[in-house]
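Engineer: This structure is in structure tokens; I'll ask about it shortly.
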Amino acid sequence: MTNSIEELGSADVLLVTGSNTTETHPQIGRNILEAVDGGAKLIVIDPRRTDLAKEAHIHLNLRPGTDIALINCMMRIILDEDLADDLFISMRTENFIPLRDYLHRLDLDELSATTGIELKKIHEAACIYARSSKSVICYCLGVTQHSCGTDNVQAVANLAMLTGNVEKKHSGVDPLRGQNNVQGACDMAALPAVLPGYQAITDSAIRDRFQAVWKREIPAVPGLSLTEMTHSGKDGAIRAMFIMGENPLISDPHLSRVQETFENLDFLAVSDIFLTETAQHAHVVFPAASFAEKRGTITNSERRVQLCRQAIPPIANCRPDSEIIMELGKRLDCPGMDFESSDEIMEEISLLTPIYGGMHYDRLEQSHGLQWPCWNRDHEGTEFLHKYYFTRGKGQFTITRHQEPAERPDRTYPYTLVTGRGSYHHYHTATMTRNSKRLVREYPEALLEINAQDAKTLQLQDGEKVELLSRRGKVRITITITDRVQPGTVFSSFHFFEVPINQLTTSVMDPKSKCPEFKVCSVNLQKVKHD
Amino acid sequence: MNTNFIPATAVIREIIRENDTISTFRLELINKRVPFSFRSGQFCMLSVPHCGEAAISISSAPNALPLFDLSIRNAGELTNAMHQMKAGEQVGIRGPFGTPFPMADFANSDMLFVAGGIGLAPLKSVIDHCLFQSGLEADAVANITLLYGSRSPSEVAFTTAISSWKEQGIDCRLTVDAGDDSWHANVGLVTELLQKELITKNTKSLICGPPVMIRFVIARLTEMGCASHDIFTTLERHMKCGMGTCGHCHLDGKLVCVDGPVFSLEQLQTMDVMELGT
Amino acid sequence: MIDLQEMILEKDRLIPLLRKLKKESRLIAPVTNKHGDTLLSEINNIDRDTIDLDRQPQNSLKSFFLPQQEILAHYSVDTTGYNFTAPEAAKETIYFGVRSCDLTALLYMDLIFSKPAKDASYYDRRNRSVIITLGCNDPFANCFCEATNSGPYLDYGYDLQFIDLGSSYYVAAGRRKGADLLNKWDYFFRTVEEEDQKIRYQLFLEARGRFNRNIQVSHACHKLQEEEVAETIWEKLAGRCYDCGGCAYVCPTCTCFSVDDMAIDDSHGTRIRSWDACTSSGFTRMAGNHNPTDRTRHALKQRFLHKLKYDYQKHGKASCTGCGRCVDICFGGVDITTFIEMFTRDAS
Numbered sequence: 332m333t334n335s336i337e338e339l340g341s342a343d344v345l346l347v348t349g350s351n352t353t354e355t356h357p358q359i360g361r362n363i364l365e366a367v368d369g370g371a372k373l374i375v376i377d378p379r380r381t382d383l384a385k386e387a388h389i390h391l392n393l394r395p396g397t398d399i400a401l402i403n404c405m406m407r408i409i410l411d412e413d414l415a416d417d418l419f420i421s422m423r424t425e426n427f428i429p430l431r432d433y434l435h436r437l438d439l440d441e442l443s444a445t446t447g448i449e450l451k452k453i454h455e456a457a458c459i460y461a462r463s464s465k466s467v468i469c470y471c472l473g474v475t476q477h478s479c480g481t482d483n484v485q486a487v488a489n490l491a492m493l494t495g496n497v498e499k500k501h502s503g504v505d506p507l508r509g510q511n512n513v514q515g516a517c518d519m520a521a522l523p524a525v526l527p528g529y530q531a532i533t534d535s536a537i538r539d540r541f542q543a544v545w546k547r548e549i550p551a552v553p554g555l556s557l558t559e560m561t562h563s564g565k566d567g568a569i570r571a572m573f574i575m576g577e578n579p580l581i582s583d584p585h586l587s588r589v590q591e592t593f594e595n596l597d598f599l600a601v602s603d604i605f606l607t608e609t610a611q612h613a614h615v616v617f618p619a620a621s622f623a624e625k626r627g628t629i630t631n632s633e634r635r636v637q638l639c640r641q642a643i644p645p646i647a648n649c650r651p652d653s654e655i656i657m658e659l660g661k662r663l664d665c666p667g668m669d670f671e672s673s674d675e676i677m678e679e680i681s682l683l684t685p686i687y688g689g690m691h692y693d694r695l696e697q698s699h700g701l702q703w704p705c706w707n708r709d710h711e712g713t714e715f716l717h718k719y720y721f722t723r724g725k726g727q728f729t730i731t732r733h734q735e736p737a738e739r740p741d742r743t744y745p746y747t748l749v750t751g752r753g754s755y756h757h758y759h760t761a762t763m764t765r766n767s768k769r770l771v772r773e774y775p776e777a778l779l780e781i782n783a784q785d786a787k788t789l790q791l792q793d794g795e796k797v798e799l800l801s802r803r804g805k806v807r808i809t810i811t812i813t814d815r816v817q818p819g820t821v822f823s824s825f826h827f828f829e830v831p832i833n834q835l836t837t838s839v840m841d842p843k844s845k846c847p848e849f850k851v852c853s854v855n856l857q858k859v860k861h862d
Numbered sequence: 016m017n018t019n020f021i022p023a024t025a026v027i028r029e030i031i032r033e034n035d036t037i038s039t040f041r042l043e044l045i046n047k048r049v050p051f052s053f054r055s056g057q058f059c060m061l062s063v064p065h066c067g068e069a070a071i072s073i074s075s076a077p078n079a080l081p082l083f084d085l086s087i088r089n090a091g092e093l094t095n096a097m098h099q100m101k102a103g104e105q106v107g108i109r110g111p112f113g114t115p116f117p118m119a120d121f122a123n124s125d126m127l128f129v130a131g132g133i134g135l136a137p138l139k140s141v142i143d144h145c146l147f148q149s150g151l152e153a154d155a156v157a158n159i160t161l162l163y164g165s166r167s168p169s170e171v172a173f174t175t176a177i178s179s180w181k182e183q184g185i186d187c188r189l190t191v192d193a194g195d196d197s198w199h200a201n202v203g204l205v206t207e208l209l210q211k212e213l214i215t216k217n218t219k220s221l222i223c224g225p226p227v228m229i230r231f232v233i234a235r236l237t238e239m240g241c242a243s244h245d246i247f248t249t250l251e252r253h254m255k256c257g258m259g260t261c262g263h264c265h266l267d268g269k270l271v272c273v274d275g276p277v278f279s280l281e282q283l284q285t286m287d288v289m290e291l292g293t
Numbered sequence: 020m021i022d023l024q025e026m027i028l029e030k031d032r033l034i035p036l037l038r039k040l041k042k043e044s045r046l047i048a049p050v051t052n053k054h055g056d057t058l059l060s061e062i063n064n065i066d067r068d069t070i071d072l073d074r075q076p077q078n079s080l081k082s083f084f085l086p087q088q089e090i091l092a093h094y095s096v097d098t099t100g101y102n103f104t105a106p107e108a109a110k111e112t113i114y115f116g117v118r119s120c121d122l123t124a125l126l127y128m129d130l131i132f133s134k135p136a137k138d139a140s141y142y143d144r145r146n147r148s149v150i151i152t153l154g155c156n157d158p159f160a161n162c163f164c165e166a167t168n169s170g171p172y173l174d175y176g177y178d179l180q181f182i183d184l185g186s187s188y189y190v191a192a193g194r195r196k197g198a199d200l201l202n203k204w205d206y207f208f209r210t211v212e213e214e215d216q217k218i219r220y221q222l223f224l225e226a227r228g229r230f231n232r233n234i235q236v237s238h239a240c241h242k243l244q245e246e247e248v249a250e251t252i253w254e255k256l257a258g259r260c261y262d263c264g265g266c267a268y269v270c271p272t273c274t275c276f277s278v279d280d281m282a283i284d285d286s287h288g289t290r291i292r293s294w295d296a297c298t299s300s301g302f303t304r305m306a307g308n309h310n311p312t313d314r315t316r317h318a319l320k321q322r323f324l325h326k327l328k329y330d331y332q333k334h335g336k337a338s339c340t341g342c343g344r345c346v347d348i349c350f351g352g353v354d355i356t357t358f359i360e361m362f363t364r365d366a367s
């Protein structure tokens, strides 16, 4: 997030796109609702009528995969209405003219038809967003999990820069991170092309700094992305894997391909707090300690590094992840794998990672965390990003063009399947949440959301089981009839291993981010004949 | 120290298979701390090893004690485990709980029982009790009629009890939603059996079955002129304690486990109740 | 023996007194831990665990009398049969620095767990407890106990009530156990002067005027006896309820619970009672998916009507004690004060 979470509560306009915030980020949802209760305007872009969409002043229920068309349409309206922030554009951005010219060539009615939303509604939303100088955009995986995910994000950035709604308090562009510490994992370079703190692996000066401490040569070429690894296939190059806290045999797209990859492995080791479906295939399983059994830090969406204190000693033979890595490292003859504590690990992080330069355990102990960048001990952390300048200097406008999703509905597969989290009660592949009796009681089985109109056409009753098929596979799932989804669109979660919805999803991914298109694939539904 | 939550141990003396999914478990307590007695319409909290507890109504009459019956449909984790158990094995029992049927008010009345599926279980206790009393000829009821609906012929339960009732002069009318070649009785909903001639000024109607059935039977009886204080039903709710504290069986300010499960229609009409469709 | 009902304790004598009390029983008091959380917690070392009487404890007394998870019974299934044994008895405990709202909630729990039968483990703990309350001179941000008749000072129910007079405490005994303590430790106290009475009265008046929030609780209770709540209000509230159960967990009077078996091995296990919340759809769902309540429209109906309508009918008093904890915890901003404001404002 460029903003801090608390700033959302005082924004005047909140544009939430591709995020079911109240269900998936309740703490942030709380700030959004606070703003709404205080009189702020809420615009929600989502194909589904989520609880948050019901609270919205304007719900833009677009056809899945048409985000760019919608944002371009909004930007063109902003230009036509003379609501662009010319001063900001000239002072802080570059490359605006080509975008302006491109937008002027677009046909508004055509864009509106592409999104499936009437132009009047888009017009109203665009004006509300542009007229306020305290407008915030929150986005989540509904924007990124597309074959054009990177362009979707660029479009959102264009919109914010066009109206000058960045680089200050109460306005910005805020990606909401999913897992509690996915921000921290990315910060620590659990990514193929960077070293900790987003330092490019291709930069030899940076590699030298790390090599001096790690006493090992660091490859100059970026590694593979997650999907590239799990989809390396039957005769792929990947022969061994060590997986920590991830359950790709349920969570990755186009599961039959993932299964092929795993069958091809000579060796699989998994470290997790429960025996996941992936761990069940492992040659070696390391029982890992949970958050309550260890000390360390967690970095949240607003870049806040927070200390997590140990509440109980590890149960039975469980060990913290850091110990598992160090023990492995020692056996693989890796030097320096003798950290006494997570405190010592943080000392090395602050040494090698400029944005974590001022993160010290004693400072974290005495606060509710510090927000990076935090350059040194005297630096108090950073509430919102891009004050005075963007990270790269000037903000760059880039033209983004609408592109259709990899799969479009056709006669054989006439429905669009959107996947995401299904409820408050389960998280991701539910490896943790299905161990809680109460959560299981509240949400016992996988459900497919379907509109009443489609259910009627298919002669389906609420609670009936159907066969859901795509070009890649099929699952059997119980339907729930609801107005949360539009006709033609169905929605389900991937929480339940008995209903591996990712058998159906496509492996097409964004060429830049390598993020798979989890949000759109074409499916068909068939009534299950009673045995 | 929590004696309220310590079940007594009961032995399964006999298992009577009622149909594919319903069995009657004949139990006897073996380490009861206080004398065990109950009245028709009350229920017990049944413990099955490792499965917790469930509220089950008692389907036998008090005069059969020390033996008592729980008729159970295999519908969930606990009931499925119960169906795996054999005679001689042990279960836990707390209770009895709840407000019973007002049997004293039924003296000299014409009794009309309307049941669907497993819903006959709590009414069976009343029918057996009525028959026992008429044997004693004190406080006896006048006539007894039973209307019993099942989904299909193979799902008709309590057939042993029903033949014995027929022999003792009870007018038993059975119906199924969908018949087959073997079925010679009525086909159709149980409400279709509710004919005018069954109702007298003196009729007390006792109903138990699925919520939709209860709703339609009540509507039909009211239409035929039955007074709301002469219609009784017993409600099923999710329960954890049986003693009015856990809160799960809340019903518009009342608790089904202590204020019910038996309610007269007169009582229900003042409340917001799923079974009445309000 | 003199019957000591009201006494003055100089502040310097507080720790020496508590030190004596702690020798005879477990002592629970509000402590702010190093992470900044104020919790009613057991005092192990009276010199190290600093008692904090300036902040509202995040937990109420509920967790001590109806623990979040509690073993109701141990069971075994073996050749000797299927047998249950009761857990061990509670310890004598003194609770110090309890706020008026939380004691009022405990008095309500006394009612709930006494009918139709006394809940044995609740009463085991209750009978072995002594409650020393502290009147609130300065209500916290979300408090509205004056509107629920449960503070800032209490007239009854406490064993002892402390009122902070500045350099001393005005201590009153409300029940036998409190009077016994005053008698037993009478040498720590001095008698009440007229001046102490005056200060106490003045502080009480000032405290009543310091509430930030004016919640129309009794108006809501009366109105609920006379009219139905508009469906639109229930639906608006339900749309904002995210089923986290937070309100029920922090509420000092939410006593709904679940009971589940936890197997330890094939032949042993424990039967556990744990907090539950009527706002969850699984709370009432039965086999076959029948659910007498509709969460999507009525998630909060039972919670609010129970506190403001049904309990008012049964006990003549709402079972909200105005502690304000649910105001802090609710993600959707649909705590009981939101409901009361919506309902009492509603023109219909």
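Taken in sequence, the protein lines are chains A, B and C.
Position in the first sequence counted from 1, then plus 331, gives you this note's numbering.
Position in the second sequence counted from 1, then plus 15, gives you this note's numbering.
Position in the third sequence counted from 1, then plus 19, gives you this note's numbering.
Here a beta-carbon is modelled for each residue, glycine too, at the ideal position from N, C-alpha and C.
Keep in mind the model is a prediction, meaning the values are calculated, not measured.
1) Can you check whether the C-beta of C:D138 is within less than 9 Å of a C-beta belonging to chain B?
2) Mind listing the chain A neighbours of C:G258? Cutoff is C-beta to C-beta under 7 Å, in chain order.
3) Using alpha carbons as the reference points, say which of A:W545, A:A786, A:T713 lies closest to A:N334.
4) Give, in chain order, every unbroken run of the beta strand (DSSP E) that is at least 3 residues long and sits entirely within the stretch 152-193 of chain C.
5) Spatial neighbours of A:Q476 within its chain, please: C-beta separation below 7 Å, excluding the five flanking residues on both sides.
6) Kindly indicate if chain B contains any beta-carbon less than 9 Å away from that of C:A442.
7) What do you get for C:Y188, buried or exposed, if any count of 16 or more other CB atoms within 10 angstroms of its CB means buried?
8) Just by C-beta distance, which residues in the stretch 346-376 of chain A are closer than 8 Å to chain C?
9) Taking 8 Å as the limit between beta carbons, can you name the residues of its chain near A:T397, skipping five residues before and five after?
10) C:E25 and C:V211 - do their beta-carbons sit closer together than 9 Å?
11) Whole angstroms are fine: how far does the CA of A:N496 sit from the CA of A:S575?
12) Quick one: is B:T24 near chain C, going by C-beta distance under 9 Å?
13) Give every residue of the same chain whose Cβ lies closer than 6 Å to the Cβ of B:A69, excluding the five residues on either side of it in the sequence, and list them in chain order.
14) Write down every uninterrupted run of the alpha helix (DSSP H) in the stretch 204-289 of chain B whose length is 4 residues or greater and which is fully enclosed by it, in chain order.
15) Please look up how many angstroms separate the CB atoms of A:T731 and A:N489, rounded, as I've assumed it's under 8 Å.
16) The beta strand (DSSP E) with C:T315 in it runs from where to where?
17) What would DSSP say about A:Y746, mapped onto helix, strand or coil?
18) So which of B:L236, B:E33, B:T36, B:P111 has the shortest CA-CA distance to B:I71?
19) For the stretch 267-283 of chain C, enumerate the residues whose C-beta is nearer than 8 Å to any C-beta of chain B, in chain order.
20) Would you mind telling me which residues of chain B sit closer than 7 Å to C:V96, beta carbon to beta carbon, in chain order?
21) Can you give me the C-alpha to C-alpha distance between C:S367 and C:G307, rounded to a whole angstrom?
22) Candidates A:Q834, A:Q637, A:K725: which alpha carbon is nearest A:L748's?
23) Decide if A:E773 is buried, meaning its Cβ has at least 16 other Cβ atoms within 10 Å, or exposed.
24) Less than 9 Å between the C-beta atoms of B:H244 and B:S279, yes or no?
25) Could you tell me which of A:E696, A:D693, A:L716, A:Y687 sits nearest to A:C705, measuring between CA atoms?
26) For A:G480, which three-state DSSP category applies?
Structural biologist: Straight from the coordinates:
1) Judged by the 9 Å Cβ criterion, C:D138 is in contact with chain B.
2) The CB of C:G258 comes closer than 7 Å to the CB of D382, K385 in chain A, given here in chain order.
3) The candidate whose alpha carbon is nearest that of A:N334 is A:T713.
4) DSSP runs (the beta strand (DSSP E)) wholly in the stretch 152-193 of chain C: 179-183, 187-192.
5) Setting aside the 5 residues that flank it on each side, A:Q476 is surrounded in the same chain by C846, P847, E848, F849, K850, each with a C-beta closer than 7 Å to its C-beta; the list follows chain order.
6) Residue coverage of chain C in this structure runs from 20 to 367, which leaves residue 442 of chain C outside it and unanswerable.
7) With 16 or more other Cβ atoms within 10 Å, it is buried.
8) Going along the stretch 346-376 of chain A in chain order, one finds T353, E354, P357, Q358, G360, R361, L364, E365, D368 with a Cβ nearer than 8 Å to chain C.
9) Here the set comprises T445, T446, G447, H733.
10) Yes, the Cβ-Cβ distance between C:V211 and C:E25 is below 9 Å.
11) Note that residue 575 of chain A is Met in the sequence shown here, rather than Ser. Approximately 39 Å, taken between the alpha carbons.
12) Using a Cβ-Cβ cut-off of 9 Å, B:T24 counts as an interface residue toward chain C, since at least one Cβ of chain C sits closer than that to its own.
13) Within the same chain, and ignoring the five residues on either side of B:A69 in sequence, the residues whose Cβ sits closer than 6 Å to its Cβ are L61, L93.
14) The stretch 204-289 of chain B contains these whole alpha helix (DSSP H) runs: 226-238, 271-274, 280-283.
15) Between A:N489 and A:T731 the Cβ distance is about 7 Å, and since that is below 8 Å, they are a contact.
16) That residue, C:T315, is in no beta strand (DSSP E); its alpha helix (DSSP H) goes 314-317.
17) A:Y746: strand per DSSP, three-state reduction.
18) For B:I71, the nearest C-alpha among the options comes from B:P111.
19) Answer in chain order: T274, C275, F276, S277, V278, D279, D280, A282.
20) Simply P64.
21) With a pLDDT of only 48 at C:S367, under the threshold of 50, the placement of this residue in the model should not be trusted, and no figure is reported.
22) Closest by alpha carbon: A:Q834.
23) Buried: at least 16 other Cβ atoms inside 10 Å.
24) Yes, Cβ-Cβ distance for B:H244 and B:S279 is below 9 Å.
25) Per the Cα distances, A:Y687.
26) Here A:G480 sits in helix by DSSP.
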